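Here's the structure, in structure tokens; my notes come after.
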Amino acid sequence: MGQLWKNYHVFFPRKWLLIGVYALPLFFLAGIQALGFRLFAALPEGRLAIMIPLFAGLAGTGCYLAEGLLNTYLFLGIGAREGAQLEYLMTSGRGFSMLQKALFADALRRGAGALVCMGGCLSLYAWNGKGFADVAVCCLTGAFLVFLFEEPGLLLARCTGNLVVNLLVYYVGSGILMPVLMQYTQTGNIRVCGILFAADILSELIMERTLQKKGKERYYD
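Counted from 1, the sequence shown has number 48 at position 14 by the numbering used here; the numbering is strictly sequential.
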């Protein structure tokens with residue numbers, strides 16, 4: 035496991051990205067929780083439940099946009115023919131394996147980040163009488179939605195290397211994601227949660243296979 039993250043960090047061009055990549059979800063979590071608890075103390079009983087979907091939308095969309103920004107520093111153009119300069123990987127027999135492990139670690143880290151953001155936000159539902167199972171399903175639904183919306187933007191950015199495409203996809207996606215999050219993080223529907231999980235796995239497999247194929251083509255040119 036340690037080697038997995040070590041390979042991932044090879045792709046960090048600047049050390050400050052460590053803070054952005056690992057601490058950003060905690061900043062979102064702290065901000066949303068602080069705002070939620072203050073409103074809980076100030077609003078009449080039951081009114082916070084009306085605000086929680088808005089918190090979920092803000093937290094999830096913020097996490098989504100942050101991932102788009104971080105991607106411009108990490109893997110933008112990684113699969114483009116004339117994109118990121120990966121010649122240093124091609125000088126080693128382990129270069130392609132490092133790239134595979136780094137992409138896998140990035141997927142794990144993004145999934146955990148989305149879960150932390152949405153889990154911290156939607157745990158406020160517990161203050162409004164929802165049971166643990168309902169809260170857990172709401173948190174997972176939100177995290178799966180954020181992860182699923184990230185994939186198209188990341189795939190386009192990593193295959194084209196075009197910063198404008200990356201920013202445009204995330205700009206448009208954020209406008210769609212927020213109302214979707216506000217809707218589906220209220221339902222606690224286990225069926226929706228399961229469908230989203232399957233869609234996340236499929237979308238990640240498609241991106242991994244696409245990038246690995248393009249990486250091999252460049253590696254063996």
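C-beta: ideal position from N, C-alpha, C; glycine also. Since the structure is predicted, the reported quantities are computational estimates derived from the model, not experimental observations.
Rounded to whole angstroms, K248 and G165 show a C-alpha spacing of 46 Å. Residue state for R225 is assigned as helix, using DSSP reduced to three classes. Taken through DSSP and simplified to helix, strand or coil, Q220 comes out as coil. If you compare the alpha carbons of I53, R128, P213 and F109 with that of L179, the shortest gap goes to P213.
Cβ-Cβ separation between T219 and G176: approximately 5 Å, consistent with a contact (criterion under 8 Å). Where K164 is concerned, there is no enclosing alpha helix (DSSP H), because DSSP gives it neither an H nor an E. F45 sits in coil when the DSSP states are folded into three classes, being neither helix nor strand.
Nearest to M216 by C-alpha distance, out of F231, I112, C155 and L202, is C155. For G113, no alpha helix (DSSP H) encloses it, and the DSSP letter there is neither H nor E.
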